[in-house]
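Below is one structure, written out as structure tokens; comments come after it.
2 protein chains.
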Amino acid sequence: MRIAILGGDGFVGWPTCLHLSAKGHDVHIIDNLSRRWIDTELGVQSLTPMDSIQERCRIWKDVSGESLHFHLLDLAKDYERLKQWLAEYRPDAIVHFAEQRAAPYSMKSDRHKTYTVDNNVSATHNLLTALVETGIDAHLVHLGTMGVYGYSSVGAPIPEGYLDVEIDTPAGKKEQEILYPTRPGSVYHMTKSLDQILFQFYAQNDGVRITDLHQGIVWGTHTEQTRRHEQLINRFDYDGDYGTVLNRFLIQAAIDYPLTVHGTGGQTRAFIHIQDSVRCIELALQDAPEAGDRVSIFNQMTETHRVRDLAEMVAGQTGARVAYLPNPRKEAAENDLIVKNDKFLALGLEPTTLAEGLLSEVVDVAKKYAHRIDRSRVPAVSGWTKALGQRVERDPEGKSLKSVS
Amino acid sequence: MRIAILGGDGFVGWPTCLHLSAKGHDVHIIDNLSRRWIDTELGVQSLTPMDSIQERCRIWKDVSGESLHFHLLDLAKDYERLKQWLAEYRPDAIVHFAEQRAAPYSMKSDRHKTYTVDNNVSATHNLLTALVETGIDAHLVHLGTMGVYGYSSVGAPIPEGYLDVEIDTPAGKKEQEILYPTRPGSVYHMTKSLDQILFQFYAQNDGVRITDLHQGIVWGTHTEQTRRHEQLINRFDYDGDYGTVLNRFLIQAAIDYPLTVHGTGGQTRAFIHIQDSVRCIELALQDAPEAGDRVSIFNQMTETHRVRDLAEMVAGQTGARVAYLPNPRKEAAENDLIVKNDKFLALGLEPTTLAEGLLSEVVDVAKKYAHRIDRSRVPAVSGWTKALGQRVERDPEGKSLKSVS
Ligand SMILES: NC(=O)c1ccc[n+]([C@@H]2O[C@H](COP(=O)([O-])OP(=O)(O)OC[C@H]3O[C@@H](n4cnc5c(N)ncnc54)[C@H](O)[C@@H]3O)[C@@H](O)[C@H]2O)c1
Ligand SMILES: NC(=O)c1ccc[n+]([C@@H]2O[C@H](COP(=O)([O-])OP(=O)(O)OC[C@H]3O[C@@H](n4cnc5c(N)ncnc54)[C@H](O)[C@@H]3O)[C@@H](O)[C@H]2O)c1
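Protein chains in written order, with our numbering: chain A, 27 to 431; chain B, 27 to 431.
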């Protein structure tokens, strides 16, 4: 298949490109490299030394003999070029990672909020319109998030995308299937909720074939392919905006920094290892809906954990201490989360779980590159409201922390 | 109160400005005049001769002694100026009409789709972020549409915004309140569904006080104030993109053009007279939610009718003939629609219904300005898909129409 990977220079996008290329697909990367610019803006860099995308493609060609094609293009701003590109390359499938994806970054300031909304909505909508306009019947696989549902659920298992509800009518109760209701908790998560509405409309009006993967938090760094050469190594974010919770704990442990738990740590989150993430995308590509079908929604996660339990587990394995800090997010202190992932299991996914020792692999990566860490970038400093922004981790070393376990 | 009317140069915005000014409020109009530019693009003009906004404000001052203040500003593109404006003028309330509002226009081409999404989402989101950033606690009243729910409902009465659903949990069934599920049928309607998600988030995260008015199709042209001077007359759209169904029938009748019904005319729609619309906005302004409340949603309509019944009614009163044409929209041929409007009735709205003779007033307006009508702009030519676009009214006079009743 000819596959376009939008956002293929990113954390999940890059290993997906390698995985699909290794499987013999003709892979084209589209990216505006905005994440590299955001690294510059925030004064952070990937823990792992990350070469330019052109250099990474060159190395992959050396290592595997396969070509990856890179196209610099902003989905949100270069609509006409996107259309031309689609008309010229006519991909069979498109994997869409190309959005601003950090909740804390999306809440930093008004500028970050408007950037996130404008970038993500325009990127997704431009893509959909361009598919309709060019008449290209590519299967569109999009990366959504479990977080779109919010985390104050009534404790019901989250199904794969849809909910049957009963509605009172003059002729008695009738069943109707609706999109599982969302309750996004940040501007970033909100954009994924907006995406869902865009997908529903274009599937219904134009028969665009869409799969939406509601992904949990991705952890780990290596996949089979990124291991093949040092310069193929994946991005590893550890800063307070882009670093995600489990990877951050592992880094913190590696550099003897307290594991920073926000609030009680009673938040339950869904997780998936990067190797499973790329495998799920491959499985989803093989399971395309038909034109006219509703959007096919998968929960792409393998396990759920409470944040404090993760911290205690990493602390137990590494000897790190845990620091309980004020929560800069506006969210329920404690929540349950039960998620169904039957669809991927049925397609043959064999989950890699935290228990399987890969945790130590990540700690090894973190230790190897520990000299590249800027400790002042570890704290999470973006508040969900101005008042919450006052309460954030100002003390990088956690030396003045009150409640340390 | 100091009230900002965003989109105050438009069809509903202008009479709202006059109504609120007449009630003694300090009214500020914000508009980028994009609708006047769209008239130019489409080569159409309001049936009624519409002066510049500056001239209209001058006349109102002469007639009433009250000042209206006009500010040229694009909500979607001038974010920094919007923020400055809010910080300087500190409105107590904001009425937000400023969106691209024609479903057919939103479906004309890819350029019109992307314009509608980018304009409407950015306008609404910029406004919300700017309110949070400036800390101005203004009550935001937004104009949504009944059409957000789609028209293939299960025949249940549409409640005012929310639905209680039962969800299965391990601990038994639990009730949860959700936004009434939407199923927008055009890119325009889709943007109103996106707006709902934006409102839900900003009410929840930042305590923005929001009222969302899900309005039916507005008909009529005069209000008490627009009647006070010829140059205060309201905009009257009759073309295939911006003209809305009932007003179009009345114009068609006035110029001896067949009443163009699309499909079977079995579509049921909700309606409200322009005088009631401005009155509802005044009522909504008096009923502001508290910070932290959920978004307050009203159904702003007074009656529902099937399109073919409306056509037959206008035909009966005027002697016009009815032409049944292919439907350029992708929608159910027939649908029921039952809408609850208890909230406005409770606040004291006394509906003006079609039965009350105002129909003939509109026909009089149409006849008076009939010399200004460009018959070639009457057909609806925007198709919902390329295939449907082929089937549209190409024959302006309807002379070759097959099925004419
Ligand atoms: N990393 C996670 O834990 C996680 C969890 C759930 C969902 N997701 C989703 O998966 C996707 C990929 O996440 P990631 O961690 O790889 O993010 P990332 O930030 O590493 O990668 C995103 C890539 O998209 C590119 N991009 C952004 N806007 C673009 C535009 N307008 N035009 C072209 N390129 C653009 C960026 O330059 C970047 O290379 C995102 O949509 C994210 O929401 C990620
Ligand atoms: N007319 C109806 O039948 C009807 C029915 C239901 C809902 N509504 C809603 O009511 C609102 C007003 O409708 P209308 O019929 O008066 O529309 P309209 O097109 O006559 O007026 C909209 C006004 O907003 C302005 N505008 C658009 N984008 C802007 C931007 N980015 N910045 C500043 N100004 C901008 C336009 O210039 C125009 O003057 C719309 O939101 C519409 O969706 C209208």
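Built from N, CA and C at the ideal position, the CB exists for glycine as well.
What's the call for residue i, buried or exposed, on a 16-neighbour Cβ count within 10 Å?
| i | result |
| --- | --- |
| H165(B) | buried |
| S429(A) | Here the model assigns S429(A) a pLDDT of 43, short of 50, so the residue's position is not dependable and the matter cannot be decided. |
| S426(B) | Here S426(B) scores only 47 on pLDDT, less than 50, and its place in the model is too uncertain to base an answer on. |
| Y228(A) | buried |
| K199(B) | exposed |
| G69(B) | exposed |
| Y188(A) | exposed |
| Q312(B) | exposed |
| H397(A) | exposed |
| T247(A) | buried |
| L351(A) | buried |
| S431(A) | Residue confidence for S431(A) is low, a pLDDT of 42 falling below 50, so the modelled location carries little weight; the figure read from the coordinates is stated next. Exposed: under 16 other Cβ atoms inside 10 Å. |
| Q80(A) | exposed |
| E256(B) | exposed |
| R82(B) | buried |
| R417(A) | exposed |
| L44(A) | buried |
What does DSSP give as the partner residue(s) for residue i in the beta ladder?
| i | result |
| --- | --- |
| R261(A) | Looking at the DSSP assignment, R261(A) forms no beta bridge with any residue, so it has no partner. |
| F324(A) | L239(A) |
| Y141(B) | Answer by DSSP bridge pairing: none, since Y141(B) is not bridged. |
| H288(B) | L351(B) |
| T294(A) | R332(A) |
| L166(B) | I120(B), I236(B) |
| L189(B) | I204(B) |
| D319(A) | According to DSSP, D319(A) bridges with nothing at all. |
| D194(A) | K199(A) |
| T171(A) | Q241(A) |
| I184(A) | V365(A) |
| R28(B) | D52(B) |
| H299(B) | W245(B) |
For residue i versus residue j, is the C-beta spacing smaller than 8 Å?
| i | j | result |
| --- | --- | --- |
| I56(B) | L32(B) | yes |
| V333(B) | V287(B) | yes |
| V389(A) | T344(A) | yes |
| N361(B) | T411(B) | no |
| I277(B) | Y264(B) | yes |
| R261(B) | F37(B) | yes |
| A341(B) | L285(B) | yes |
| V19(A) | H151(B) | This structure cannot settle anything about residue 19(A), because the visible part of chain A is limited to 27 through 431. |
| L169(A) | F123(A) | yes |
| S132(B) | V213(B) | yes |
| I29(B) | P117(B) | yes |
| V348(A) | L239(A) | no |
| P354(B) | G292(B) | no |
| Y105(B) | T140(A) | yes |
| P41(A) | T171(A) | no |
| L98(B) | L59(B) | yes |
In terms of alpha-carbon separation, which member of the options lies closest to residue i?
| i | options | result |
| --- | --- | --- |
| A296(B) | V174(B), Y131(B), Y141(B) | V174(B) |
| G479(B) | A48(B), S47(B), R320(B), L336(B) | Outside the shown range of chain B (27 to 431) lies residue 479(B), about which nothing can therefore be said. |
| A129(A) | I364(A), E357(A), E382(A), K394(A) | E357(A) |
| Y283(A) | R235(A), A392(A), R107(A) | A392(A) |
| R305(B) | L46(B), D335(B), Q278(B) | L46(B) |
| N273(B) | D221(B), P405(B), I364(B), W245(B) | W245(B) |
| Y268(B) | A102(B), R62(B), R28(B) | R62(B) |
| L157(B) | T208(B), D77(B), D368(B), W111(B) | W111(B) |
| E203(B) | I162(B), R401(B), E192(B), R355(B) | E192(B) |
| K49(B) | R107(B), I281(B), L309(B) | L309(B) |
| L154(B) | I184(B), F225(B), I85(B) | F225(B) |
| S135(A) | K134(B), E250(B), T160(B) | T160(B) |
| L363(B) | S90(A), E186(A), P196(A) | P196(A) |
From the beta carbon of residue i, is the nearest beta carbon of chain C less than 8 Å away?
| i | result |
| --- | --- |
| T290(B) | No chain C appears in the structure shown, which is made up of the protein chains A and B. |
Alpha helix (DSSP H) segments (min. 4 residues) lying fully within the region 30-115 of chain A: Qualifying alpha helix (DSSP H) stretches, in chain order: 39-48, 60-68, 79-90, 105-115.
Runs of beta strand (DSSP E) wholly within the region 347-400 of chain B (minimum 3 residues, chain order): The region 347-400 of chain B contains these whole beta strand (DSSP E) runs: 348-351.
Sequence ranges, beta strand (DSSP E) only - wholly within the region 205-269 of chain B, length at least 3: With a minimum length of 3 residues, the continuous beta strand (DSSP E) runs that stay inside the region 205-269 of chain B are 236-241, 243-245.
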